[in-house]
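The block underneath contains the structure these notes are about, expressed in structure tokens.
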Amino acid sequence: MKAIRNKVQLIGNVGATPLVKQLESGKSVVHFSMATNERFKNQQGELQTDTQWHYVVAWGKTAEIIGQYVSKGQEIAIEGKLTHRSYEANGEKRYLTEVLCSEVLLLQSKSKSEAYTEE
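Quick note: the sequence shown uses my numbering, first residue 599, plus one each step.
Below you can see the structure in the form of structure tokens.
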């Protein structure tokens, strides 16, 4: 049970092509947004879609794989854990919740994704 205390699994579409950054320490990091959609019928029986946006960060080899093979609009599955951090912007403290991605699964090839987004 210890392994599932803080575990997140998401399947969705990438919001923008991820860009990998190389830090001075030599580590790679990538940040990107990901949308998940839930479809349901409202009280009138009409089909509705609820889109949730998630902020994702990955490090090391996982970040490099994402930077090389993932592009905007592509459907992927990720696994990781929730993390919380805070920072200051314009003298105001802000809070951020993100998914720390440890695994990624490409559900759609990059070429299909590019063809899909160009239409």
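Just so it is clear, CB atoms sit at the ideal spot from N, CA and C, and this is done for glycine as well.
Note that the coordinates shown come from a computational prediction; the quantities given were computed from them, not determined experimentally.
Option in the options with minimal Cα separation from residue i
i: Ala633; options: Ile674, Ile664, Ser700 and Gln666; result: Ile674
i: Val654; options: Ile602, Gly613 and Leu705; result: Gly613
i: Leu608; options: Lys639, Asn688, His652 and Gly624; result: His652
i: Thr719; options: Pro616, Gln642, Val702 and Lys679; result: Nothing about residue 719 can be reported from this structure: the residues present for the chain run from 599 to 717 only.
i: Glu701; options: Ile676, Asn688 and Ala687; result: Ile676
Cβ-based neighbour list, residue i, same chain, cut-off 6 Å, excluding 5 preceding and 5 following
i: Ala656; result: Val628, Ile664 and Cys699
Proximal residues to residue i (C-beta, below 8 Å), its chain only, five neighbours per side dropped
i: Tyr693; result: His682, Arg683 and Ser684
i: Ser631; result: Val612, Gly613, Ala614, Trp651, His652, Tyr653 and Val654
i: Gln646; result: Arg637, Phe638, Lys639 and Asn640
Strand pairing of residue i, partner residues [DSSP]
i: Gln607; result: Glu677
i: Ser631; result: Tyr653
i: Ala687; result: Glu690
i: Glu622; result: In the DSSP output, where bridge partners are listed per residue, Glu622 has none listed.
i: Glu662; result: Answer is none; Glu662 lacks a bridge partner.
i: Glu644; result: Paired residue(s): none; Glu644 is not in a bridge.
i: Val668; result: None; Val668 has no bridge partner.
Contact set for residue i: own chain, Cβ-Cβ below 7 Å, skip 5 residues either direction
i: Glu662; result: Val618 and Ser626
i: Gln620; result: Ser626
i: Tyr714; result: Any reading at Tyr714 must be qualified, since the residue scores a pLDDT of 34, below 50, and its modelled position is unreliable; the value itself is stated next. Closer than 7 Å at the Cβ level, and outside the excluded window around Tyr714, lie Gly671.
Residue i burial status per 10 Å Cβ neighbour count (16 or more: buried)
i: Thr649; result: exposed
i: Thr660; result: buried
i: Gly610; result: buried
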